[in-house]
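Quick notes on the structure that follows.
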Amino acid sequence: MIRYQFFPKSIKINEQSQAIVECFLRVEEQIKSPNHTLSSNQVLDILRPYLLAVEMLVEAGKAREQKIPVPVLFGLNNKVDISFDADALSKDGKIVLEIEAGRAVDNYQFLKDIFQASMMVGVEYLIIAVRNDYRGRDDFAKIYKFLELLYINNRLILPLKGILLIGY
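Quick look at the structure:
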């Protein structure tokens, strides 16, 4: 079952993010865990046509020209000095989508996603998609609790307008 929660909970999900949730709902039977143990790239491949239809730029592969670099710092003559790659990016550059599979919690990949999205120029929203079931563990629930604590505690203020967590 596709589950999702937007943080902070005091703000309603925006239309573009809701359209991305709808993409996940359309392919739910093909990607849902634990029925499928797909890699994040395989999930992205299944989602690609639907994400493209809602005006997202989507990584096409692992080759340099197939990636989606998002600027972080600019150097001499305003050339991009540092960038981070995104799985998908809205055409207006405000929403970054990262799809995780097994490493979401074990390697704290979701924290890296939050850090990188926070550094990306012009990015306002981060969407993190994770497995509901990974080796019998509920990754969605673990990250949900972390994000809830982050937003309730209010000791760390992110430069993002919000984070949408999707469990597949």
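Read in order, the letters of the sequence shown correspond to residues 2 to 169 in the numbering used here. Virtual Cβ for every residue (Gly too), placed ideally from N, Cα, C.
Range of the contiguous beta strand (DSSP E) that encloses residue i
{"i": "Leu150", "result": "Here Leu150 belongs to no beta strand (DSSP E); instead the alpha helix (DSSP H) covers Asp140 to Asn154."}
{"i": "Arg27", "result": "Arg27 -> not in any beta strand (DSSP E); alpha helix (DSSP H) instead, spanning Glu16 to Arg27."}
{"i": "Arg4", "result": "Arg4 to Phe8"}
{"i": "Pro35", "result": "No beta strand (DSSP E) holds Pro35; DSSP gives it neither H nor E."}
{"i": "Val131", "result": "Tyr126 to Val131"}
{"i": "Ser84", "result": "Val81 to Ala87"}
Within 8 angstroms, strictly: CB atoms of residue i and residue j
{"i": "Leu165", "j": "Tyr126", "result": "yes"}
{"i": "Leu39", "j": "Ile3", "result": "no"}
{"i": "Tyr135", "j": "Phe8", "result": "no"}
{"i": "Val59", "j": "Ala20", "result": "no"}
{"i": "Glu99", "j": "Asp114", "result": "yes"}
{"i": "Arg138", "j": "Ser34", "result": "no"}
{"i": "Ile167", "j": "Ile128", "result": "yes"}
Expected contact under 8 angstroms - CB spacing of residue i and residue j to nearest Å
{"i": "Ser84", "j": "Val71", "result": "6 angstroms"}
{"i": "Tyr169", "j": "Ile69", "result": "Not a contact, Cβ separation roughly 20 angstroms."}
{"i": "Ala118", "j": "Leu161", "result": "6 angstroms"}
{"i": "Val28", "j": "Ile47", "result": "5 angstroms"}
Residues near residue i by beta carbon distance below 6 angstroms, same chain, minus five either side
{"i": "Val1", "result": "Outside the modelled stretch of the chain, which goes from 2 to 169, sits residue 1, for which no answer is possible."}
{"i": "Leu45", "result": "Asp88 and Ile100"}
{"i": "Lys92", "result": "Glu56"}
{"i": "Leu74", "result": "Asp82 and Ile83"}
Nonlocal neighbours in the same chain, by C-beta distance under 8 angstroms from residue i, ignoring five residues either side
{"i": "Phe147", "result": "Phe111"}
{"i": "Leu53", "result": "Val59"}
Helix, strand or coil at residue i according to DSSP, with G and I counted as helix
{"i": "Met120", "result": "helix"}
{"i": "Val44", "result": "helix"}
{"i": "Glu60", "result": "coil"}
Extent of the continuous alpha helix (DSSP H) run through residue i
{"i": "Asp1", "result": "The requested residue 1 does not occur in the structure, where the chain is confined to residues 2 to 169."}
Own chain residues within Cβ distance below 7 angstroms of residue i, not counting five before or after
{"i": "Gly103", "result": "Tyr135"}
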